[in-house]
Every structure is written in structure tokens, then in C-alpha cells.
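Following: one structure in C-alpha cells, then a few remarks.
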Amino acid sequence: MSAETTPVDEVGWQKQWDEAELFHADIHSDRPKFYCLEMYPYPSGKMHMGHVRNYSIGDAVARFKRLMGFDVLYPMGFDSFGMPAENAAISEGGHPHDITERNMASITEQIKRMGFSYDWRRTLKSHDPRYYKWNQWFFTKFMENGLATREFSPVNWCTSCNTVLANEQVKAGRCWRCNGPVTQKEMNQWFLDLPSYGQELEDGLDTIGFPEHVKSLQRDWLGRSEGANIRFGIVDDERDIEVFTTRPDTLFGSTFVTLAPEHPLAESLVVGTEHEAAWKALYDEVASMAEFDRIKNMNKKKGVFSGRYAIHPLTGEHVPIWIGNFVIATYGTGAVMAVPAHDERDHDFAKQYGIPIKRVLVMEEGGDADAAMDKAEVDLGWMVNSPLEGFDGLYGSEAKQAVCDALEKAGRGSQTINWKIRPWLISRQRYWGTPIPVIHCDDCGPVPVPEEDLPVELPRDVVFGQGNPLTTSESFLNVDCPKCGKPARRETDTMDTFIDSSWYFLRYTDALNDEAAFEKTIANHWMNVDFYCGGIEHAQMHLIYARFMTKALRDLGLVDVDEPFNELLCQGMVNKSAPFCQPCGITLPTIYEGQPCPHCDSELGSRSAKMSKSLGNTVSPEEMIERYGADTVRLFILFAANPTAGMDWSDAALDANHRVMVQMRGMPEQLLAWSETTSPMDGWLEARFSQRVHEFVEAMETYDLRRAVEISHYEVIKDINWYVRRGGQNLDVARRWLPAWAQMVSVSTPHLAEEWWAALDSTSGLVAGSNLSLPESLSEAHVLTLSGEQYIRDILDQARKVRNVAERHLGEPASKATFVVSPEWKREMATAALSFIGEGGHPKQFIPVLQELPLAQGERKGEMMGFWGKKMLPQVFKWDDASRAVICSALDEASVLSAASAFIADELQLSEVIIVLGESEADDTGRAGSAMPLSPAVVYA
RNA sequence: GCCGGGGUACCCGAGUGGUCAAAGGGGGUGGAUUCAAGCUCCUCUGCAUAUUGCUUCGCAGGUUCGAAUCCUGCCCCCGGCACCA
Numbered sequence: 003m004s005a006e007t008t009p010v011d012e013v014g015w016q017k018q019w020d021e022a023e024l025f026h027a028d029i030h031s032d033r034p035k036f037y038c039l040e041m042y043p044y045p046s047g048k049m050h051m052g053h054v055r056n057y058s059i060g061d062a063v064a065r066f067k068r069l070m071g072f073d074v075l076y077p078m079g080f081d082s083f084g085m086p087a088e089n090a091a092i093s094e095g096g097h098p099h100d101i102t103e104r105n106m107a108s109i110t111e112q113i114k115r116m117g118f119s120y121d122w123r124r125t126l127k128s129h130d131p132r133y134y135k136w137n138q139w140f141f142t143k144f145m146e147n148g149l150a151t152r153e154f155s156p157v158n159w160c161t162s163c164n165t166v167l168a169n170e171q172v173k174a175g176r177c178w179r180c181n182g183p184v185t186q187k188e189m190n191q192w193f194l195d196l197p198s199y200g201q202e203l204e205d206g207l208d209t210i211g212f213p214e215h216v217k218s219l220q221r222d223w224l225g226r227s228e229g230a231n232i233r234f235g236i237v238d239d240e241r242d243i244e245v246f247t248t249r250p251d252t253l254f255g256s257t258f259v260t261l262a263p264e265h266p267l268a269e270s271l272v273v274g275t276e277h278e279a280a281w282k283a284l285y286d287e288v289a290s291m292a293e294f295d296r297i298k299n300m301n302k303k304k305g306v307f308s309g310r311y312a313i314h315p316l317t318g319e320h321v322p323i324w325i326g327n328f329v330i331a332t333y334g335t336g337a338v339m340a341v342p343a344h345d346e347r348d349h350d351f352a353k354q355y356g357i358p359i360k361r362v363l364v365m366e367e368g369g370d371a372d373a374a375m376d377k378a379e380v381d382l383g384w385m386v387n388s389p390l391e392g393f394d395g396l397y398g399s400e401a402k403q404a405v406c407d408a409l410e411k412a413g414r415g416s417q418t419i420n421w422k423i424r425p426w427l428i429s430r431q432r433y434w435g436t437p438i439p440v441i442h443c444d445d446c447g448p449v450p451v452p453e454e455d456l457p458v459e460l461p462r463d464v465v466f467g468q469g470n471p472l473t474t475s476e477s478f479l480n481v482d483c484p485k486c487g488k489p490a491r492r493e494t495d496t497m498d499t500f501i502d503s504s505w506y507f508l509r510y511t512d513a514l515n516d517e518a519a520f521e522k523t524i525a526n527h528w529m530n531v532d533f534y535c536g537g538i539e540h541a542q543m544h545l546i547y548a549r550f551m552t553k554a555l556r557d558l559g560l561v562d563v564d565e566p567f568n569e570l571l572c573q574g575m576v577n578k579s580a581p582f583c584q585p586c587g588i589t590l591p592t593i594y595e596g597q598p599c600p601h602c603d604s605e606l607g608s609r610s611a612k613m614s615k616s617l618g619n620t621v622s623p624e625e626m627i628e629r630y631g632a633d634t635v636r637l638f639i640l641f642a643a644n645p646t647a648g649m650d651w652s653d654a655a656l657d658a659n660h661r662v663m664v665q666m667r668g669m670p671e672q673l674l675a676w677s678e679t680t681s682p683m684d685g686w687l688e689a690r691f692s693q694r695v696h697e698f699v700e701a702m703e704t705y706d707l708r709r710a711v712e713i714s715h716y717e718v719i720k721d722i723n724w725y726v727r728r729g730g731q732n733l734d735v736a737r738r739w740l741p742a743w744a745q746m747v748s749v750s751t752p753h754l755a756e757e758w759w760a761a762l763d764s765t766s767g768l769v770a771g772s773n774l775s776l777p778e779s780l781s782e783a784h785v786l787t788l789s790g791e792q793y794i795r796d797i798l799d800q801a802r803k804v805r806n807v808a809e810r811h812l813g814e815p816a817s818k819a820t821f822v823v824s825p826e827w828k829r830e831m832a833t834a835a836l837s838f839i840g841e842g843g844h845p846k847q848f849i850p851v852l853q854e855l856p857l858a859q860g861e862r863k864g865e866m867m868g869f870w871g872k873k874m875l876p877q878v879f880k881w882d883d884a885s886r887a888v889i890c891s892a893l894d895e896a897s898v899l900s901a902a903s904a905f906i907a908d909e910l911q912l913s914e915v916i917i918v919l920g921e922s923e924a925d926d927t928g929r930a931g932s933a934m935p936l937s938p939a940v941v942y943a
């Protein structure tokens, strides 16, 4: 059996890697470190193509960095808490713990079959008490430093998940996980004060390598807005109404103040008055509504006059207090100053309720301060009509500043920054998560569980499916207060599972530590993550929480880094075509393939769509691995698209990649069968290999994995084919370069590379444990060799192009060809022009220079000047750097061609190839006119 | 409405001033090899043409000796945000 047909024993190589402990990440003080990480997966029972793509990318990077001599930390673990396991337990019976362990075992096996180079010793799982103990410990520290607080407030409630959700976890009014409806509920819940890190989270974005769209997403979520908090007094009342505004420059135009219906002041202002009923109606309408629906309905503005007046903080003027459905209680202060002249929303409202509109800005300097307003003028403008001295004429930030200064002086307000992002609600009324380590005592209130009693473990004696499962465990609930010793009750909520994933990367650095979450010096050594790869879906939850948590833990003194991830790569989706109805604009499940549209009966086309169970356009990795092997699947995945781009699954392309693998399987055998014969092409192959290694390394370093694979698996083969075509077959060269090629190949198809490595004499051990020695950079001689050969290839291409037309003229197949090399004066002109432009000269200014040149002095001067403008000028810029070097070098086109004439004749299947110098005596073709440097004219006969 | 990313040949996609009629792959085509299939290798795959001419990188203009690439306006697609004060 030849090597070509022997399958690679992938599992055998995996065992060898394992035994050699090659992927254990240990610290060597003489090596640089590299932390390569993929977002740790939720352990469903089956690995899907998204996982395969994600890990194939990460593994290629990890293997490359190992080749380059780095200590590589590349761990894998499981985000194993979460509702799917609990829901499965409810529906099929059983316990989430058992379901999770079972799923983890099965997905682990599938992941291992791909041969990824993880340090499996460090595997962590969220539901392990040795892990979640630290969630609890952090939480108690956060209680101490005030970052964790308990608040009674309206929260998002998912009716089908039976739990509350953080603000970020509500997507378009629906639960991010189950897409069920989300309503508002007022509850006592635990929050982490994420907004207190808002500024740092915003600023940090400028220091890390996240893709632009992820940064933009995060900025949207953080929602920084600069403005002022302003306190309005209330007529006949001690209290104040505090409003937030981004436009203090319009303060003098404020003609009313609006409160959210739930604002604590609203009720007390109207209670017992004629306005109470109207307020109550508005409150009831709004309070039960999900925030999303409420915002959607805000265009239907409704307001109720409270019957009371506020006192303008600078003018003392009395303005009415309204209660409006468009003010959100949880944003800013839950109250706004309304400026109908310069805010569209207030303008609408004022018009609807007949409230005066007062212009205080003009949009042009010196504009008419009394001009009528038919719509709100919301841009920055110049202050006018100010009732106080010193404001009129101020613009923009100057105007804002002046108003803020005045407020500060009056003690009625100050500049401030408001964040759209709200405290992170981390309580969940579900079982399968970290118990919140708090004991509620009637006397002492909420008391943190003392450190020595951690972890608070999840009890097994719970009943699922009837509300919060932890409330059904008597053994869990009843406990004595750690402070006063009286009987008390445990907190029954568990933590959002995003807590688990917000610091797991730190745990990996010191995963086996039972004394601490991680040792500070070790975490500092490995952190931060140099390359983080995962899906875009985590851009606004996981990636904000993880950044927040890193800073919060840093402030507990546990680690020194400010940001967890240096470089983020969001891999694209894996798509496959699915039936698509153009008129209906919908993608249909694959069962409709070949049928008419079930809705409109028209013929179905197809469209690429994200692989999903519901569409049925999924591909099973297991099946593909079984059929083609892990290497083929990896090669296809890395080559089919750039990591960040969407990728279309194609069975045909996969098959084509498998052919490449089969072909490569036999490469060492094929090359090692070469003889000791040397040829002039040996130098070319040497130069080419060296160039390829450099190109490969550069591609990998910029995470251009597709290009890297293209070089290692495609370009090198083409190079070898060319070499052989040109008569090369030197065993020495093959022996010298096969190891480096195997190393390049090992990055994406590691099992195949081990076969190669083992087949070579000069290598020992495993390629996975080897280091790549970078060849010296290309010498000038190398570059010239490569260019000379490129010249031959270009000439062949060109000759082929002309041939068809030529044969039509000849009326018969051509039997010989004459290559007319460009006359010497053209090359002189080109050289002169290139050096003129190379020194920064403008092409237009070359004409006078040309006129002075010796070559342009004869009777052909006119012809040459014309030639410059018409032919040479455009061409001069078309030559690339290599060609320019060749033109200016000593390379003699005629002799290069002569040396290759037999080869050219052979390639073109001609009986004779003649090389002549244009305009020389030997040239009887009369076609020298169209010859250019590096581009001889070809005349067939 | 605002922010970000896009629109490239039959398809997927690279390309961000001249190396661009435009990489690479897929698909298609013709040929070599073979008893034959597979594998492999080579050619072609916008139009024209005895040799780089014409048209083409969403549309329309502009800058430049030169534009897929830069600028302006417009259209369309994807993602996010959105009466957020």
C-alpha cells in the first residue's frame, strides 16, 4: 500500500501527544508566554460545526505559537451551569447534575477526536463547587466593598423561564434565551454596580484589539451621556425634583417638568387631589407593561397635570409639573425638564397639551430671537432670550458650562455623566447556578456566609418545576444566623451564569488551586489573554461582564491586569444553503427542497442560512470526521473562508479538500524518491521554500489563517509541480525543506504532519513539540532567481494568449515561435524612468529628462518621445517591485529565454523556439515595435 | 433617525492608488496520463484582437499622468442602538 492510500491514524497520534504531555502549559522563564483561549462552551451533548470552526481557529494559533517557541496556555472547560440542563431535568426527569455530567462526557469525547491541543489538566466546569465557591467568595467581598447591593425595584421577569433577567438579557422585549415575553415585576434582588465602572469600561475600549463593530456595540450598551443633574424646587413643598439633562444650555427654555408615573414624588403630589385618579390610571397602564412595549408606545404620548408647580432653579419662575408616560423611571433620575423649543419629544407634548414654547437658542449667530418655531430646533445654537445677564450669545459647550457654573453657584445642580447601562441584576430564581451566599436573619438582615463555610453547595433534595427549586429544600433553607446565632433562612436565589464566565479565564491560569481562586503571580504571568476567539453573540453580555469582573477583581487586589482580552476575533457563522422563497422573503426548512413554497406556491430558490436545527440545514461533525478524518474537516474549515467571515458549507469543497489531503499524504514518499541529480532549478526551489516559510509566518502572525493554509497546502504543491516540470528532482533539496513544510502543515492538519515528520530521517520526536527555525530572509540573489523564473511563467502565459489569434491568421496550428526581445533602448528608457520616479520625480517632469538622455539624441528622437507618452509611461507604473528590480538588474532577457527555449517549446508543443533581439540584424519579424522590457513579442509560424 | 460593517466575474470570496481583466477556491471547459474509472498534471472560463484594445468591481459625478482602491452625493443589504432626557 502506498502512503497515499494509507489513512492517517489520527487517534494514535492524539494518544502520542497525550503521552508526551506536549500541551501541558508550564512556565519556562526563558520563553515568552502566549494565552490562547476560546469562549468556553455550554456542554450540550453534541459538538456542532460552530464549535469545530471556533476550535480549529484557536488550535491553529496555539500550535503556531508553540512552533515559534512560546509557552502556550490553551485550556478548555465547560460553562456547565444554566437553564437547559435544568429544563431537561424537568422535562425528562433526572437531575441537572447528572444530565450535565453526561453531556460533558459526550462532548468532551467529540472534541478530543478533533485532536485540539488543549491542556486538559486544567479543565474546569462551572458547576464544580471548587469553582463556584469562588463566585461566592467574590460576592461576599463585593458585599463588603459595596459593589453588591440588594434593591427592591422593578425588574424584567421572563414568564417561561420563571426568573428575572438582567437588562442586557432582554432582546427586543423578549428573553435572550427562550424568546419568551418579558414583563415587569417589583422584587428584592441582588445587583452588582456595573455603572460605577462605566468610564473605565468605555476608556478601556481604546486600549484593546477588539473589532470595530464590537467596540461600537459595547459603546452603545454603555451609553455614556454627559450632562447635568438639576434640582427644581416645588412650590409649597420642601422637596426637590432632580432631573438629568444633556442640554443644560436650554435650561431657560424649560416650560414644564415631567415625572415618570412611578417616580416616588408623583404619587405624593397628587394624592387626595382631583388629579389623583388620572395619575392612577396612567400608572396602572404603564406599570404592568414590559419596558419594551412601553417604549414602543411612547409615540402615543400621554400626560397628566399634577396640579403643582416647580420652581425654576435659576429664574425662580413657576412651571407646571406633569406626569408623562414617556419618562422612564430607571433612566437618569426618572424626571426630565421639558424644553419644547429645542427637543422634539417635549415639543410634541407641549403642543398636545397647550404648554408654552419658549425659544432660547438660535441656529445662526445673530439670528432672530423672536422667530416663530414650527418645529423643535434641536441642534446646538447661540443662547438668546436669557432672563439673566451673561448668557446670550454663548454657544455649545461654552453655553452648557456657563449654565452649569450658575447652577453650581446657586447650589441647584452640577455636571454629571449618566450611563444607560444599569446595575447588573444577578439574582435568578432557578436551581442550576451558584447559590448566592447570604443568610437572611430577622434581626441582622442579609448576612454574608462566612468564608470558612464556603462553598454553599447546591442541595440534591429539591423539587423541580414548581417555582424556585431551592425553596423546596428544607435542609438547605434552615440555617442559623452567622452573626447572632438565631434561626434564619438562606437566600434561595442563585447567580446569573454569566458570573461563571466572567472570570473563568483567570481560573484557567491556576486551575488546580484549592487555596485560592488563583495565585496572583501566576495569573499576572499568563494574563491577559493574547488571542480570544468566539462568536459575536457575546459582544454585549459576556464581553462586558468579563471586562467588568476583571476590573472588580483587580480592585480586590487579586490580579494586576485592567483588561482580560487583548485581541478578540469573532469567528463568522457556519452557513449552509436552505430553500428560500423570493416573493415571501422567507427561508424554509430543507424538507421543502424541490417543492413549491407552502405559502405562495411559487418556485423556491435557495439561500445560504445559518446552520440550525429548525431549518434542518445542519451538518454533523461526527459524521464528517468519520468519513474524512479530522484533518480534512479542519483544512476545509480554515480554507473555506477567513476566520471572521461567514462560511458556506459545501460538500463538494469538502471533498476537494479531502483530495488535497490524500495527495499530501504521499508527498514525502514522492519527494524522497527523487535522485541525487542537481539542476539549475534547485536554487529556485530553495529560494521559493524560504519565501514560503516567511510568508506563512507572516500570515499566521496576523491571524490570516486562510492565507497561511493556502500557502502550506496549496502554494507549496504548485511550487513543487513547477519545479518538477522544469526538470528538478534533487533529493537533497527535498530533505532540507520537508521538515519546515511539515511544521507549516502541522498548524492546520496536525495528524498528517506527524506522519510526515515520522517519515523523515532528520527529525525526531513529534512535530507538535518542535520549534520552527526561520530561514534567513531572502537574499538579492534569491529574489533575482525567483523573478527570472516568474519571467518564464509570464512569457508562457502571454504566448498562450496570443496563440489562438495567431493560428487563426496562419490557418493552421503553429509549429514554431520567435520571441522578439525588446530593443535595448526601451530598457534604457525604462531604467531611466524608474530611477527618476524612484527618486520621487513626477512622471510629467520626466520628458525634459528624457530629452537630455543619450538614447534620445538620434534621428529617432520624435519616435521615442511618442513612445514614452503612449507606451512606456503607463507601463512604468505597472511593473511591480520585483519586475522593476529585474529590469534594472543585469538579467539578460535573451539569454534567460534561450536557456529555457527547449522548455518553452515543450510547454507550447512547438518544434522550434527562436529568440532574437528586437531591431537587431537577426530580427526579420518586423514586430519589435510591440516588444517591451519583460514582454517580448511572440511571432508564430 | 443614529452608529458600525458591507455591495467585486456563474457562485463563494481576496484585493484599499499603478504589480488589476482583478488572487484563491467551487462549479464549468478542453487536453495529458490510464485498458478503464479514480487520482494526478496542464489549459481555458468578460468581449475583441497577430500581441495588451474595449467594457467591467452597487449607481452618478469628482480628484489624479493613473481609481475596484481616494473624495462627494445617492441606492441597496447586514448588525446594533433608538422619544435615553
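Numbered according to the working numbering, the first sequence spans residues 3 to 943. Just so it is clear, CB atoms sit at the ideal spot from N, CA and C, and this is done for glycine as well.
Which class does residue i belong to by DSSP, given the choice of helix, strand or coil?
{"i": "K612", "result": "strand"}
{"i": "D908", "result": "helix"}
{"i": "I593", "result": "helix"}
{"i": "V1", "result": "Residue 1 lies beyond the residue range present for the chain, which begins at 3 and ends at 943; the question has no answer from this structure."}
{"i": "F36", "result": "strand"}
{"i": "S162", "result": "coil"}
{"i": "D489", "result": "It is worth fixing the name first, because residue 489 is Pro in this sequence and not Asp. The answer is strand: DSSP assigns P489 an E or B state."}
{"i": "R152", "result": "strand"}
{"i": "D130", "result": "coil"}
{"i": "D516", "result": "coil"}
{"i": "G368", "result": "coil"}
{"i": "F307", "result": "strand"}
{"i": "T317", "result": "coil"}
Should residue i go down as buried or exposed, given a rule of 16 or more other Cβ atoms within 10 Å for buried?
{"i": "M375", "result": "exposed"}
{"i": "F478", "result": "buried"}
{"i": "M49", "result": "buried"}
{"i": "A689", "result": "buried"}
{"i": "A939", "result": "buried"}
{"i": "D222", "result": "exposed"}
{"i": "C160", "result": "buried"}
{"i": "M3", "result": "Its pLDDT being 43, under 50, M3 is placed unreliably in this model, and the value from its coordinates should be taken loosely. That one is exposed."}
{"i": "C406", "result": "buried"}
{"i": "S622", "result": "exposed"}
{"i": "D882", "result": "exposed"}
{"i": "M365", "result": "exposed"}
What residue does the beta strand (DSSP E) around residue i start on, and which one ends it?
{"i": "P425", "result": "P425 -> no beta strand (DSSP E), and no H or E assigned at all."}
{"i": "H97", "result": "From DSSP, H97 is part of no beta strand (DSSP E); its letter is neither H nor E."}
{"i": "D73", "result": "73–75"}
Locate the alpha helix (DSSP H) running through residue i, then write down its first and last residues.
{"i": "G864", "result": "863–869"}
{"i": "Y510", "result": "506–510"}
{"i": "S692", "result": "683–703"}
{"i": "K217", "result": "214–224"}
If contacts are defined as beta-carbon pairs under 8 Å, then residue i and residue j qualify, I think. What distance do you get, rounded to the angstrom?
{"i": "R361", "j": "G255", "result": "7 Å"}
{"i": "M385", "j": "V245", "result": "No, M385 and V245 are not in contact; Cβ-Cβ is about 19 Å, not under 8 Å."}
Hey, is the stretch 463–483 in contact with the stretch 503–516, meaning 3+ C-beta pairs nearer than 8 Å? no
Could you check whether the stretch 37–45 touches the stretch 521–535, counting it as contact only if at least three pairs of C-beta atoms, one from each stretch, sit closer than 8 Å? yes
Are at least three pairs of beta-carbons, each pair with one atom in the stretch 801–811 and one in the stretch 841–860, less than 8 Å apart? Two segments are said to touch when three or more pairs of C-beta atoms, one from each, lie closer than 8 Å; by this definition the stretch 801–811 does not touch the stretch 841–860.
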